[in-house]
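A short write-up of the structure that comes next.
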Amino acid sequence: MTPPSTLPALSAAVSRSRDLLEGRRRFIPVSMAGLVLVLVFVVGSLRYSGFLDPQVVLNLAVNNSFLIVLAVGVTFVILAGGIDLSTGAVLALSTMICAWLLREGWPPLLVIPAALLAGTAIGLAQGCIIHFYGVQPFIATLGGMFFARGLCFVISTESIPISDPLFSALAQTRVPVLPGGASLSLGAVIALAVAGAAAYVLHRTRFGRSVYAVGGSESSALLMGLAVGRVKVGVYTLSGFCAALGGVLYTLYIASGNGLHGLGMELDAIAAVVIGGTLLTGGFGYVLGSVIGVLTLGAIQAILVFEGTLSSWWTRIVAGTLLFAFILLQRALAPRAAR
Amino acid sequence: METTAEPAVHMSGIVKDFPGVRALDGAGLRLRPGEVHALLGENGAGKSTLIKVLTGVHRPESGEIRVAGERVEISGPLDAERRGIATVYQEVNLCPNLSVAENILLGREPRGRFGISQRRMNRRAAELAAGMDLDLDVTRALGDHSIAVQQLVSILRAVDLQARVLVLDEPTSSLDRDEVRILFDLVERLRSRGVAILFVTHFLDQVYELCQRMTVLRNGGLVGEFATAEVGQRELIGHMLGEQAGELDRLEASAGDDPPDAGAAPFLRARGLGRSGGIAPYDLDVAPGRITGLAGLLGSGRTEAVRLLFGADRPDTGGVEVDGRPVPLRTPRAPIAAGLAYCSEDRKSEGLVAELSIADNLMLAMQAARGWLRPVPAKTRAELVERYIAALRIRPAAPETPVGALSGGNQQKVLLGRWLIMQPRLLILDEPTRGIDIGAKAEVQRLVAAQSRQGTAVLFVSSELEEVLRLSHRVVVLRDRRVISELDNDGGLDTDRVLAEIAEGGGR
Amino acid sequence: MRSAQTRRLVWPLLVLALLVAANAVATPRFLEITVRGGRLYGSLVDILHFGTPLLLISLGMTAVIALRGIDLSVGAVVAVAGAVACTLIESAAEPDSPSAVAGAVAAALAVCALLGLWNGFLVAVLRIQPIVATLILMVAGRGAAQLITGGQITTVRSAPYREIAGGSVATVPVTVIVAAATLLLMWLLVRRTALGLLIEAIGGNAEAGRLAGIRATGLTMAAYTFCGLCAGLAGIIISANTGSADGNNAGLWIELDAILAVVIGGTLLTGGRFSIAGTVLGAIIVQTLSTTVYTMGVPPESTLVFKALVVFGVCLLQSPRFRAQVAAPFRRSGPPRPPSNTATPAPPEEDDVKPEAASIADQEPREVRP
Amino acid sequence: GGGGEGAQSGGDDPIVLGFSQVGAESGWRTANTESIKQAAKEAGIELKFSDAQQQQQNQIQAIRSFIQQNVDVIAFSPVVESGWDTVLLEAKAAGIPVVLTDRAVETDQKDVYETFLGSDFVEEGRKAGRWLVEEYADTDDQVNIVELQGTTGSAPANDRKEGFAEIIGEHDKFEVVASQSGDFTRSGGQEVMQAFLSSHDDIDVLYAHNDDMALGAIESIEAAGLEPGEDITIISIDGIKDAFRAMADGKINLVVECNPLIGPQLMDLVEKVHAGEEVKPRITVEEGVFTQDEAAEALPDRKY
Ligand SMILES: Nc1ncnc2c1ncn2[C@@H]1O[C@H](COP(=O)(O)OP(=O)(O)OP(=O)(O)O)[C@@H](O)[C@H]1O
Ligand SMILES: Nc1ncnc2c1ncn2[C@@H]1O[C@H](COP(=O)(O)OP(=O)(O)OP(=O)(O)O)[C@@H](O)[C@H]1O
Ligand SMILES: [Mg+2]
Ligand SMILES: [Mg+2]
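Chains as they are written, first to last, in our numbering: chain A, 25 to 363; chain B, 2 to 509; chain C, 381 to 750; chain D, 150 to 453.
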């Protein structure tokens, strides 16, 4: 017998109206994160004069350009269901390599690629260890963290200043973005460009879609004939590259190489990604969310600076409380559908 | 042009060992272009493993694979796809986080000017779905859809590969007759184009309807290759089960013919139970010893209805009373304490804990009900586990085997066993016979019937309408996410009557 | 299955043996155990003694990780525990009375259990992802510890308090006894009751566990509370060791070491099956590693690289594939194609897929028509 | 120097000082912070205090924010020595004078800061070394030294090691037989010392980069059945109260002071640079060296 033709049409109409509410569920976390960030600025501007100054807003990106790049790399890894703890250390290594090679008299245009290459190589090695030998990502990248930071100290336990003219020129380049004279540093522009490129790769290339697939279900992705190995090795390599690039931006920002740079920054990067609505179990999330996450952490820092009278321990307590408040707010704003 | 005698796939002497088990022992098959070939065998016979060897998921210990006459070593699913072998695996192997469209087209996404075009992809996927008479929103996440829809999506994906060889591992296990019809038409179309199709199923009717030839496996070994026309059902079952075939007759004789106990008063009442977007508020009475079947088409809301009853989802409206006392439905705990049991249709993600052993999975619900402080005594546990492994013919019968290493049908039996052990007052079974073999199916039906004779009420959801009618005393018919009628089944109810009800229902 | 998991511990055990052997060669006295001042003395005892806090925290972390969670706040909780205990003892009328010390320790443990409960609440009830949920306390907790101590290192001179770390019962250090007791308690809790099964079920497949009627919320909160309590105990021991509370540095980065220990012990961060024995082994390896660094005189600037190499060594040794590759050159006469690596019963689908096969990808769609 | 005038807003408005602290990583640091806060209050200077939690980028951000808020003077204790050029130039461009405390920065730029008020870590190491040389002047036997370093890569650790090595390097009889990082913490010092004791038989001297590590090490020495201060000579740096107490008990032999109480001196400087007066580019904090005899006397006066 033939099924009545009105039936599917009817059910489709019902389901479609429901979709408007539920179908876009996956955008909820990231939009909530964005909303919270906006709220912070509104509240901040009520409380502190000068908080909503365009330059203050842009400085969030300027002061956190390296963290944005780090978080973008980590986004790939987390989306693919992994984790990368080595980013802070690779950033430090990258600053160290830059400073050290410059001191050794290398031309700056060779130094930057060398630093990027080193970070990428560490990422690649981690990816291979994780993929080919089935080592858990957490432990492999923890090893990578020890290794990269250790390498910094092997190079030098002292901090190495950078006085290369090209580096200072780059560091001081400002890109005007608003008519009022508000500007971004070169580092921030690069960071935002990296985020844009990452979004493109994630949504418009096969590699990017495979990253989501592997994060959703690795075994399924394998059975679907996706290049799971390439994806897994790829995301760690990319993250290594991003960490190294973050290191170069950090070098521009700070003009020195030091093995103690970026201590604990890997956790900041992971936190930023997660605050931006990406699920640690993989498969759900957006680069935009990670950028928002970084800016949120930056906003917390900005509030602490603006508050200006906190003692050290209150700084920490308030930082933790703000983090909690943001997450709670994000929760409260999201409708029930977001589970 | 190749000669017709050249098999598209020829596997021979395949041996595959898993730790402690030899899953395949000299298995093989010959698959010719333009034929639909059935691969048959009991649960755990090695069908899925043979398929996974063919697609490169497993490396065989020894044996030979020829594709189009050429000896090959297949290094992985990607390699298999490139050699023209498309596969629908038994367990749905898609990514729940991605949209339906992406799942269909992953790896072959249509590109626009700026890389992958989401729009084109959705359009293409919608076309493909429409080609199979499926109306679904391809932009929604796959995980939002029922397991049946997911199965259809994985078929769509494989079909779209336009391969020379199409492997279908139990594709119809959660489909109802309309979808099966559509699938068969599709298979027939592909076959006539010269595609070789390997079809694994436990529905022998489907084998006789669709397949020209068949290969039978038993205990990982090859029993033989037969032309469908030359072997009768009885004989075929004999090949599959070996010397145990006699047992089946005994089972079938005892199943299904018990008198309905119509007089009992209901102990469970659901009133106005509903959830927006899930199922419209409905009423239901359940009496001890009665089997109630839920009939409806794919997506009609059967699963949603029973999930509410069990507290698996939180209802928006209405409630449930057991023995006149309301049961809170915030979590399944209270319903379980009230004597309810629910066997989910999605054993992989809602049922089993893959890395735990058979024994642990069997005992899970009972242990959860007892609380952590009162572990089931070792002796009781061993007895129960042994009893249910035997009763459900779970293979391998080693209680400490991790469930993830079992064949699909055996996993289903473990899930069922978990709830049978609880001796519930109401047993809710959502597609309990998905993927289990004839012998086990008869066994399950017998167990269900036996339970009901002891006073257990049963709610039975199955996409096989015949099965529902054979077992149930009463049939609740659903359509478009609402209950449209309840029919008594005292033997007189047939499938046409129910289908007619579905077709005209809701108009009242 | 359980035995298969135990079998995997052979490799970490081998690494431990290698580390100990290396130490014994470098410092012959390494294996010596004597009694000094009524207490066992020697490097091996030191490893157990100084490893106790890490072991305790790793045990708590194991429970949390088995539930697919993680607890980054343990380091901060360590600091809080010391701060509370020391501040209370300092302000007590008689710091030297055992009852004052017992009261202070109990109060500190209670606070830590509450902190753990708070983490559990965020994770189980508010459903915040564990890593962020515990990050909150990781950041704020240390601040709170410093608030309690006023940013200073609070020193206590209470003899009974010092006994917690420095004392011994029948020559066995109290710390070791505490560790053993906690270990025993946890083992009894999870393996003699049904707790272990329920935890593994929730960790392995949360939805399946929920539908089987397991009280996941309560279980999760209990696990985090236990973890907090373990961290608190570790904090007390760390603080009693030096008789001081350091809000900023006590237990700094110990969360990473603890996770490392758990993972070396073979428990997957994706939840499910866990191994207490493995965690113990992991914690001892991590502690032996730091002791090795000190006794063998690895220069401080190379310490981290050395640590990294050992970590990679342990991980790679646990990989059957790596072992096969290393062994291959020594087995030239073997079969031409070594049998596939089916030693680890991984999830069924991915058991022995050759990963590199998937990486030579062909991205173009192929029209393969007969 | 110069440029102080431009930022000045008016007559009797209090001077606004933006101070960026490293963090609160030790009791020494907390004492340092307290001293500055206290002194600011007494001097009637409005203090904007920000804690960098040991992160250089936080500190840079704080300084930028001070510049934006147009404070009168900026002071900070750099987390690390290098990498300050950009932000210092920004301050200079805004006409805000900068005073460094605690550690110097390495820079090629001229006139980016007015003055540096703080200890000389290398000199502290030297002082420790000089005392040791003197103490062991009479003996020709080999003197085995173990060293507890601070956090690897940190400036005090690097410098104190360097200064000490410089002095004892002139004498053959001194040998550093083991040197490990104890991370500036008591438990670090204790654990590392324990390992030293079980791997080295004849340790004569312990040189600890700070008091906390020395105090931790004392625990281990006692556990090994030795007498700290007698069997092993102990030298440490900083001079916190606990160390003085231990010294009074005879458990530490020498403490090289590193004075955190720079508040009054700093406020003085701030007022001067704000008024545009010339100040010396390098001002050392008054610091002493304490032996056991002096310790008992000084103990009651120790504030931190
Ligand atoms: N990954 C694995 N690890 C260990 N044993 C396995 C694994 N996969 C399958 N087996 C075993 O191999 C045998 C064959 O399983 P297979 O899945 O091929 O059966 P099947 O014929 O497909 O059964 P069904 O009809 O139930 O799907 C079974 O005994 C099963 O336990
Ligand atoms: N044809 C369909 N089109 C779109 N969505 C569907 C369709 N069928 C089912 N779904 C989705 O599946 C989900 C579950 O439906 P439900 O499980 O209640 O159906 P069912 O009656 O149990 O049928 P079955 O289990 O056979 O799919 C619903 O949320 C619905 O969105
Ligand atoms: Mg199968
Ligand atoms: Mg259903």
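Beta carbons: idealized from backbone N, C-alpha and C, even for Gly.
Item: Within the stretch 399-460 of chain C, ranges of the alpha helix (DSSP H) (whole runs, at least 4 residues); Value: 423-446
Item: As assigned by DSSP and simplified to three states, the class of L30/B; Value: strand
Item: Pairwise C-alpha distance: Q206/D and A188/D; Value: 27 Å
Item: Of the residues R60/B, V154/B, P267/B, M215/B, the one placed nearest P97/B, counting alpha carbons only; Value: V154/B
Item: Segment limits, beta strand (DSSP E) that includes S486/B; Value: 483-489
Item: According to DSSP, residues forming a beta bridge with V462/B; Value: L295/B, D431/B
Item: Short CB-CB distance (under 7 Å) between Q354/A and chain C; Value: no
Item: Among D136/B, E103/B, G132/B, A130/B, the one whose alpha carbon lies nearest that of R120/B; Value: E103/B
Item: Selection from R480/B, V459/B, E305/B that minimises the alpha carbon distance to E502/B; Value: R480/B
Item: Chain D within 7 Å of S423/C, Cβ atoms only; Value: yes
Item: Proximal residues of chain C, C-beta to C-beta of A295/A below 8 Å; Value: I511, V512, L515
Item: Reduced DSSP category for N402/D - H, G, I as helix; E, B as strand; rest coil; Value: coil
Item: Helix, strand or coil at K17/B [DSSP, three-state]; Value: strand
Item: Ligand 1 heavy atom lying under 6 Å from the CB of L407/B; Value: yes
Item: For V321/B, the first and last residue of its enclosing alpha helix (DSSP H); Value: Per DSSP, V321/B belongs to no alpha helix (DSSP H); it is in the beta strand (DSSP E), 318-323.
Item: Chain B contacts made by the stretch 220-234 of chain A, where a contact means CB separation under 9 Å; Value: Y224, V225, H227, R228, T229, R230, G232, R233, S234
Item: Chain D contact for F177/A (CB, 7 Å cutoff); Value: yes
Item: Span of the alpha helix (DSSP H), counted from its first residue to its last, around Q801/C; Value: The question about residue 801/C has no answer, for chain C in this structure spans 381 to 750.
Item: contact_flag[the stretch 669-682 of chain C, the stretch 390-408 of chain C] where n(CB pairs < 8 Å) is 3 or more; Value: yes
Item: R595/C (DSSP reduced to helix, strand or coil); Value: coil
Item: Neighbourhood of L613/C by C-beta distance below 6 Å, restricted to the same chain and skipping five residues each side; Value: L436
Item: Within chain D, the residues that L334/A reaches when beta carbons sit closer than 9 Å; Value: F198, S199, D200
Item: Minimum length 4: unbroken alpha helix (DSSP H) runs contained in the stretch 192-232 of chain B; Value: 205-211
Item: CB contact below 7 Å: V307/B versus chain C; Value: no
Item: Neighbouring residues, chain C, relative to V354/B (Cβ below 8 Å); Value: E580, A581, G584, N585, A588, G589, G652
Item: R254/A (DSSP reduced to helix, strand or coil); Value: helix
Item: heavy atom of ligand 1 below 6 Å from A399/B C-beta; Value: no
Item: Option in I194/D, L297/D, F323/D, D387/D with minimal Cα separation from G267/D; Value: D387/D
Item: Min CB distance I413/C to chain D below 7 Å; Value: no
Item: Beta-carbon proximity of V560/B to V10/B, cut-off 7 Å; Value: A question about residue 560/B goes unanswered here, because the residues of chain B that appear run from 2 up to 509.
Item: Length at least 4, wholly inside the stretch 178-218 of chain A: the alpha helix (DSSP H) runs in chain order; Value: 189-196
Item: Nearest-angstrom Cβ-Cβ length linking S13/B and E65/B, presumed shorter than 8 Å; Value: 5 Å
Item: 6 Å Cβ shell around G150/D - same chain, five flanking residues per side excluded; Value: Note that G150/D scores a pLDDT of 36, beneath 50, so its modelled location is shaky; the value from the coordinates is reported in the next line. Only E263 meet the Cβ criterion.
Item: Contacts that R416/C makes with chain E (C-beta to C-beta distance below 8 Å); Value: Absent from the structure: chain E. Protein chains present are A, B, C and D.
Item: Minimum C-alpha distance to E43/B - residue among V404/B, L223/B, G340/B; Value: L223/B
Item: Contact check, P397/B vs S358/B, beta carbons under 7 Å; Value: no
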